[in-house]
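Here the structure comes first, spelled out in C-alpha coordinates, and everything after it is commentary.
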Amino acid sequence: MNLQQLQYLSVLAQTENYTKAAKILHITQPTLSYAINNLEEQIGIQLFEKHGRSIKLTQNGKSFAAESAQALEILNQAIERARNINSTDKTIKIASLRTLNTLWLPNTIKDFLEKRSSGSIEPYFDFGSGTGFSLQMTQLLREEKFDICFCSKIDDKDDIDYFPVVEQKLVLITPFDHPLANKKSIDLTETLKYNQITFSSNSGLYFELERLFSICGGTPKSIYKVEEDESVAGMVAAGFGIAVVPKMRMLDRMAVKIIPIRFPKWHRFIYMATLKKHYQNAVTQEFIDFVHQFKGINDV
1 MNLQQLQYLS VLAQTENYTK AAKILHITQP TLSYAINNLE EQIGIQLFEK HGRSIKLTQN
61 GKSFAAESAQ ALEILNQAIE RARNINSTDK TIKIASLRTL NTLWLPNTIK DFLEKRSSGS
121 IEPYFDFGSG TGFSLQMTQL LREEKFDICF CSKIDDKDDI DYFPVVEQKL VLITPFDHPL
181 ANKKSIDLTE TLKYNQITFS SNSGLYFELE RLFSICGGTP KSIYKVEEDE SVAGMVAAGF
241 GIAVVPKMRM LDRMAVKIIP IRFPKWHRFI YMATLKKHYQ NAVTQEFIDF VHQFKGINDV
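So the sequence shown is residues 1 to 300, counted in UniProt numbering.
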(Lines of atoms letter the chains of each structure in order from A; the text may use other names.)
(Lines give C-alpha, C1' and ligand atoms only; values in the text may rest on other atoms or scores of the structure.)
Protein backbone atom coordinates (compact mmCIF):
# COMPACT_ATOMS: atom_id res chain seq x y z
CA MET A 1 0.00 0.00 0.00
CA ASN A 2 1.39 3.41 -0.94
CA LEU A 3 0.44 7.09 -0.85
CA GLN A 4 -0.62 7.10 -4.51
CA GLN A 5 -3.09 4.27 -3.95
CA LEU A 6 -4.68 6.19 -1.07
CA GLN A 7 -4.97 9.29 -3.25
CA TYR A 8 -6.66 7.25 -5.98
CA LEU A 9 -9.02 5.72 -3.41
CA SER A 10 -9.94 9.14 -2.02
CA VAL A 11 -11.04 10.44 -5.43
CA LEU A 12 -12.83 7.24 -6.44
CA ALA A 13 -14.67 7.14 -3.10
CA GLN A 14 -16.01 10.64 -3.74
CA THR A 15 -17.05 10.07 -7.36
CA GLU A 16 -17.93 6.34 -7.24
CA ASN A 17 -17.24 6.41 -10.96
CA TYR A 18 -14.03 5.11 -12.57
CA THR A 19 -14.32 7.30 -15.64
CA LYS A 20 -14.80 10.52 -13.65
CA ALA A 21 -12.11 9.62 -11.12
CA ALA A 22 -9.57 8.75 -13.82
CA LYS A 23 -10.27 12.08 -15.53
CA ILE A 24 -9.76 14.01 -12.28
CA LEU A 25 -6.54 12.11 -11.57
CA HIS A 26 -5.29 12.49 -15.18
CA ILE A 27 -4.69 8.75 -15.55
CA THR A 28 -6.27 6.01 -17.64
CA GLN A 29 -9.20 4.00 -16.32
CA PRO A 30 -7.26 0.68 -16.54
CA THR A 31 -4.46 2.22 -14.45
CA LEU A 32 -6.97 3.26 -11.79
CA SER A 33 -8.70 -0.15 -11.83
CA TYR A 34 -5.37 -1.95 -11.44
CA ALA A 35 -4.34 0.30 -8.50
CA ILE A 36 -7.64 -0.23 -6.64
CA ASN A 37 -7.67 -3.99 -7.28
CA ASN A 38 -4.09 -4.20 -6.06
CA LEU A 39 -5.00 -2.23 -2.93
CA GLU A 40 -7.95 -4.55 -2.20
CA GLU A 41 -5.67 -7.58 -2.48
CA GLN A 42 -3.06 -6.03 -0.17
CA ILE A 43 -5.51 -5.18 2.63
CA GLY A 44 -7.83 -8.15 2.09
CA ILE A 45 -10.99 -5.98 1.88
CA GLN A 46 -13.47 -5.49 -0.94
CA LEU A 47 -13.73 -1.72 -1.15
CA PHE A 48 -16.26 -1.37 -3.98
CA GLU A 49 -19.11 -3.39 -5.42
CA LYS A 50 -20.99 -3.05 -8.70
CA HIS A 51 -24.30 -1.21 -8.49
CA GLY A 52 -25.93 -1.34 -11.91
CA ARG A 53 -23.56 0.44 -14.26
CA SER A 54 -21.85 2.29 -11.45
CA ILE A 55 -20.01 1.28 -8.29
CA LYS A 56 -20.68 1.81 -4.60
CA LEU A 57 -18.45 1.63 -1.56
CA THR A 58 -19.04 -1.44 0.57
CA GLN A 59 -19.61 -0.93 4.29
CA ASN A 60 -16.00 -1.98 4.92
CA GLY A 61 -14.96 0.28 2.07
CA LYS A 62 -16.74 3.28 3.61
CA SER A 63 -14.93 2.76 6.90
CA PHE A 64 -11.52 2.27 5.29
CA ALA A 65 -11.95 5.19 2.85
CA ALA A 66 -12.97 7.59 5.65
CA GLU A 67 -10.07 6.69 7.92
CA SER A 68 -7.54 6.54 5.09
CA ALA A 69 -8.68 10.03 3.99
CA GLN A 70 -7.84 11.31 7.48
CA ALA A 71 -4.47 9.56 7.34
CA LEU A 72 -3.84 11.03 3.89
CA GLU A 73 -4.57 14.52 5.19
CA ILE A 74 -2.13 14.01 8.08
CA LEU A 75 0.53 12.70 5.69
CA ASN A 76 0.07 15.64 3.31
CA GLN A 77 0.38 18.09 6.18
CA ALA A 78 3.50 16.30 7.43
CA ILE A 79 5.05 16.53 3.97
CA GLU A 80 4.19 20.23 3.75
CA ARG A 81 5.67 20.93 7.19
CA ALA A 82 8.84 19.02 6.36
CA ARG A 83 9.26 21.05 3.20
CA ASN A 84 8.81 24.28 5.16
CA ILE A 85 11.00 23.57 8.20
CA ASN A 86 13.64 26.01 6.98
CA SER A 87 11.20 28.28 5.22
CA THR A 88 11.51 32.02 5.78
CA ASP A 89 7.84 32.59 4.95
CA LYS A 90 6.52 35.01 7.56
CA THR A 91 3.28 36.15 5.94
CA ILE A 92 -0.04 35.87 7.79
CA LYS A 93 -2.91 36.31 5.34
CA ILE A 94 -5.95 37.71 7.15
CA ALA A 95 -9.44 38.84 6.22
CA SER A 96 -11.83 40.40 8.72
CA LEU A 97 -15.24 41.92 9.13
CA ARG A 98 -15.02 45.69 9.10
CA THR A 99 -16.55 45.91 12.57
CA LEU A 100 -13.35 44.37 13.99
CA ASN A 101 -10.90 46.38 11.90
CA THR A 102 -11.12 49.60 13.94
CA LEU A 103 -10.17 48.35 17.41
CA TRP A 104 -10.30 44.61 18.03
CA LEU A 105 -8.01 43.34 15.28
CA PRO A 106 -5.35 46.10 15.53
CA ASN A 107 -5.21 45.66 19.32
CA THR A 108 -5.01 41.88 18.99
CA ILE A 109 -2.10 42.15 16.58
CA LYS A 110 -0.39 44.68 18.83
CA ASP A 111 -0.78 42.39 21.87
CA PHE A 112 0.53 39.44 19.84
CA LEU A 113 3.65 41.33 18.73
CA GLU A 114 4.34 42.58 22.27
CA LYS A 115 4.13 39.08 23.76
CA ARG A 116 6.48 37.49 21.23
CA SER A 117 10.06 36.78 22.27
CA SER A 118 12.70 39.12 20.88
CA GLY A 119 14.78 37.77 18.04
CA SER A 120 12.02 35.62 16.56
CA ILE A 121 10.93 36.06 12.97
CA GLU A 122 8.92 39.26 12.57
CA PRO A 123 5.61 38.37 10.91
CA TYR A 124 4.13 40.29 8.00
CA PHE A 125 0.36 40.72 8.11
CA ASP A 126 -1.26 40.69 4.68
CA PHE A 127 -4.79 42.11 5.01
CA GLY A 128 -7.28 40.97 2.39
CA SER A 129 -8.72 43.74 0.29
CA GLY A 130 -12.10 43.87 -1.40
CA THR A 131 -13.78 41.62 1.17
CA GLY A 132 -15.84 42.60 4.14
CA PHE A 133 -18.52 39.96 4.09
CA SER A 134 -18.51 36.55 5.72
CA LEU A 135 -19.79 34.61 2.71
CA GLN A 136 -16.99 35.91 0.47
CA MET A 137 -14.38 35.38 3.16
CA THR A 138 -15.28 31.76 3.82
CA GLN A 139 -15.29 31.04 0.09
CA LEU A 140 -11.79 32.50 -0.25
CA LEU A 141 -10.68 30.68 2.90
CA ARG A 142 -11.75 27.39 1.31
CA GLU A 143 -9.77 28.36 -1.80
CA GLU A 144 -6.77 28.89 0.52
CA LYS A 145 -6.45 32.56 -0.44
CA PHE A 146 -6.44 33.42 3.29
CA ASP A 147 -4.93 31.72 6.32
CA ILE A 148 -7.36 33.22 8.85
CA CYS A 149 -10.73 34.94 8.58
CA PHE A 150 -12.58 36.77 11.34
CA CYS A 151 -16.20 36.40 10.31
CA SER A 152 -19.64 34.98 11.01
CA LYS A 153 -20.32 31.25 10.83
CA ILE A 154 -21.96 30.72 7.46
CA ASP A 155 -22.62 26.97 7.48
CA ASP A 156 -22.05 23.83 9.53
CA LYS A 157 -19.61 22.07 7.20
CA ASP A 158 -16.78 20.48 9.16
CA ASP A 159 -13.89 21.63 6.95
CA ILE A 160 -13.53 24.91 8.86
CA ASP A 161 -12.62 25.33 12.51
CA TYR A 162 -14.58 28.20 14.11
CA PHE A 163 -13.28 29.72 17.35
CA PRO A 164 -15.51 32.43 18.93
CA VAL A 165 -13.61 35.65 19.60
CA VAL A 166 -16.27 38.37 19.86
CA GLU A 167 -19.87 38.43 21.06
CA GLN A 168 -22.28 41.14 19.97
CA LYS A 169 -25.73 41.78 21.39
CA LEU A 170 -28.48 42.35 18.87
CA VAL A 171 -30.95 45.22 19.28
CA LEU A 172 -33.92 46.62 17.43
CA ILE A 173 -33.54 50.17 16.09
CA THR A 174 -36.41 52.38 15.00
CA PRO A 175 -36.89 56.00 13.93
CA PHE A 176 -37.85 58.21 16.88
CA ASP A 177 -41.41 58.65 15.59
CA HIS A 178 -42.08 54.95 14.96
CA PRO A 179 -45.00 53.20 16.81
CA LEU A 180 -42.50 50.87 18.51
CA ALA A 181 -40.15 53.62 19.62
CA ASN A 182 -41.67 53.89 23.10
CA LYS A 183 -41.03 50.22 23.91
CA LYS A 184 -38.64 49.46 26.79
CA SER A 185 -37.91 46.04 25.27
CA ILE A 186 -39.28 44.13 22.32
CA ASP A 187 -40.56 40.69 21.37
CA LEU A 188 -39.55 40.39 17.70
CA THR A 189 -42.89 38.84 16.79
CA GLU A 190 -44.27 42.37 17.34
CA THR A 191 -42.05 43.66 14.52
CA LEU A 192 -43.29 41.35 11.76
CA LYS A 193 -46.07 43.70 10.57
CA TYR A 194 -43.73 46.66 10.08
CA ASN A 195 -41.42 47.50 7.17
CA GLN A 196 -37.86 46.41 7.89
CA ILE A 197 -34.41 47.06 6.50
CA THR A 198 -32.70 43.67 6.29
CA PHE A 199 -29.28 42.35 5.31
CA SER A 200 -28.39 41.00 1.89
CA SER A 201 -27.18 37.40 1.55
CA ASN A 202 -23.55 38.59 1.26
CA SER A 203 -23.63 39.43 4.95
CA GLY A 204 -23.20 36.89 7.73
CA LEU A 205 -26.00 38.73 9.54
CA TYR A 206 -28.41 37.55 6.84
CA PHE A 207 -28.00 33.96 8.06
CA GLU A 208 -28.05 35.00 11.72
CA LEU A 209 -31.35 36.86 11.37
CA GLU A 210 -32.89 34.14 9.24
CA ARG A 211 -32.39 31.74 12.16
CA LEU A 212 -33.50 34.37 14.68
CA PHE A 213 -36.81 35.13 12.97
CA SER A 214 -37.51 31.44 12.35
CA ILE A 215 -37.88 31.18 16.13
CA CYS A 216 -40.52 33.91 15.91
CA GLY A 217 -42.44 31.88 13.34
CA GLY A 218 -42.32 34.56 10.67
CA THR A 219 -40.27 36.48 8.10
CA PRO A 220 -39.43 40.19 8.27
CA LYS A 221 -41.35 42.44 5.90
CA SER A 222 -38.21 43.51 4.04
CA ILE A 223 -38.43 46.63 1.87
CA TYR A 224 -34.66 47.03 1.33
CA LYS A 225 -31.78 44.58 1.59
CA VAL A 226 -28.47 46.22 2.52
CA GLU A 227 -24.99 44.74 2.88
CA GLU A 228 -23.44 46.65 5.81
CA ASP A 229 -24.78 47.30 9.30
CA GLU A 230 -23.80 50.99 9.15
CA SER A 231 -25.92 51.40 6.01
CA VAL A 232 -28.84 49.57 7.61
CA ALA A 233 -28.71 51.97 10.56
CA GLY A 234 -28.58 54.93 8.19
CA MET A 235 -31.71 53.77 6.38
CA VAL A 236 -33.53 53.44 9.70
CA ALA A 237 -32.40 56.92 10.81
CA ALA A 238 -33.77 58.28 7.52
CA GLY A 239 -37.17 56.81 8.36
CA PHE A 240 -37.40 53.95 5.86
CA GLY A 241 -38.20 51.28 8.44
CA ILE A 242 -36.92 49.38 11.45
CA ALA A 243 -34.07 46.85 11.72
CA VAL A 244 -32.32 44.32 13.91
CA VAL A 245 -28.60 45.13 14.09
CA PRO A 246 -25.60 44.47 16.34
CA LYS A 247 -25.33 46.91 19.23
CA MET A 248 -22.67 49.30 17.91
CA ARG A 249 -21.21 52.43 19.51
CA MET A 250 -22.13 54.45 16.42
CA LEU A 251 -25.85 53.94 17.13
CA ASP A 252 -25.57 56.36 20.07
CA ARG A 253 -24.73 59.13 17.60
CA MET A 254 -27.59 58.42 15.21
CA ALA A 255 -31.26 59.47 15.12
CA VAL A 256 -32.53 56.03 16.11
CA LYS A 257 -34.20 54.53 19.17
CA ILE A 258 -32.26 51.51 20.50
CA ILE A 259 -34.51 48.83 21.99
CA PRO A 260 -33.26 45.67 23.76
CA ILE A 261 -34.67 42.40 22.39
CA ARG A 262 -36.63 40.49 25.01
CA PHE A 263 -37.45 37.52 22.76
CA PRO A 264 -35.80 35.55 21.29
CA LYS A 265 -32.68 35.67 23.44
CA TRP A 266 -29.87 35.80 20.91
CA HIS A 267 -26.28 36.98 20.73
CA ARG A 268 -24.22 37.20 17.59
CA PHE A 269 -20.78 35.61 17.62
CA ILE A 270 -17.83 36.48 15.43
CA TYR A 271 -15.29 33.73 14.94
CA MET A 272 -11.69 33.11 13.99
CA ALA A 273 -12.13 30.74 11.04
CA THR A 274 -9.29 28.51 9.85
CA LEU A 275 -9.37 25.78 7.22
CA LYS A 276 -8.59 22.45 8.87
CA LYS A 277 -6.65 20.95 5.95
CA HIS A 278 -4.69 24.12 5.16
CA TYR A 279 -0.99 24.17 6.06
CA GLN A 280 -0.10 27.09 8.35
CA ASN A 281 3.43 28.43 8.41
CA ALA A 282 5.15 28.85 11.78
CA VAL A 283 4.23 32.49 12.44
CA THR A 284 0.61 32.00 11.36
CA GLN A 285 0.23 29.02 13.67
CA GLU A 286 1.81 31.09 16.46
CA PHE A 287 -0.79 33.83 15.92
CA ILE A 288 -3.65 31.29 15.87
CA ASP A 289 -2.39 29.78 19.14
CA PHE A 290 -2.17 33.27 20.65
CA VAL A 291 -5.79 34.04 19.75
CA HIS A 292 -6.90 30.72 21.24
CA GLN A 293 -5.06 31.41 24.47
CA PHE A 294 -5.67 35.13 25.04
CA LYS A 295 -8.53 36.35 22.85
CA GLY A 296 -11.70 34.63 23.98
CA ILE A 297 -15.12 36.18 23.61
CA ASN A 298 -15.32 39.90 24.37
CA ASP A 299 -18.08 42.43 23.83
CA VAL A 300 -17.39 44.79 20.93
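No residue lacks a Cβ here, since even glycine has one placed at the ideal position from N, Cα and C.
This structure is a prediction, so every number in the text was calculated from the model and none was measured.
Can you give me the start and stop residues for the beta strand (DSSP E) that residue i sits inside?
i    : result
W225 : A small fix is needed here, since residue 225 is Lys in this sequence, not Trp. K221 to V226 is the span of the beta strand (DSSP E), which, as asked, contains K225.
K56  : S54 to L57
Q168 : I160 to T174
I197 : N195 to F199
K50  : F48 to H51
Which same chain residues end up closer than 6 Å to residue i when comparing Cβ atoms and leaving out the 5 residues on each side of it in sequence?
i    : result
T198 : P220, S222 and K225
P123 : K90, I92 and V283
N202 : F133, L135 and E227
L180 : T174
Can a CB atom of chain B be found closer than 8 Å to the CB of residue i?
i   : result
Q14 : Note that chain B does not occur in the displayed structure, where there is just one protein chain.
Is the CB-CB distance between residue i and residue j below 8 Å?
i    : j    : result
I297 : P164 : yes
L209 : V244 : yes
D147 : H26  : no
L9   : I36  : yes
I94  : F125 : yes
F150 : L100 : yes
R262 : I186 : yes
E114 : L57  : no
I154 : F207 : yes
S152 : I270 : yes
I160 : L275 : yes
L205 : D229 : yes
Considering just the uninterrupted stretch of the alpha helix (DSSP H) at residue i, what are its terminal residues?
i    : result
I288 : A282 to F294
S96  : Here S96 belongs to no alpha helix (DSSP H); instead the beta strand (DSSP E) covers T91 to S96.
E16  : Run containing E16: none; DSSP gives neither H nor E here.
I215 : G204 to I215
T108 : W104 to K115
F2   : According to the sequence as given, residue 2 is Asn; it is not Phe. Looking at the DSSP string, N2 is not in any alpha helix (DSSP H), and its letter there is neither H nor E.
Looking only at its chain, what residues have a beta carbon closer than 8 Å to the beta carbon of residue i, apart from the 5 residues adjacent to it on each side?
i  : result
Q4 : A35
At 4 residues or longer, and completely inside the segment 228 to 273: list those alpha helix (DSSP H) runs for me, N to C. 229 to 237
Worksheet item: Would you call the segment 237 to 251 and the segment 161 to 181 touching, i.e. three or more CB-CB distances under 8 Å?
Response: yes
**OP:** Decide if the segment 65 to 79 is in contact with the segment 18 to 34; the criterion is three or more beta carbon pairs, one per stretch, under 8 Å apart.
**Re:** no
Discussion item. Counting beta carbon pairs with one atom in the segment 231 to 238 and one in the segment 249 to 258, are three or more of them shorter than 8 Å?
Written reply: yes
*asked:* Measuring CB atoms only, is the segment 126 to 140 touching the segment 180 to 190, in the sense that at least three cross pairs come out at less than 8 Å?
replied: no
Exercise. Which runs of the beta strand (DSSP E), 3 residues or longer, sit entirely within the segment 118 to 150?
Worked result: 124 to 127
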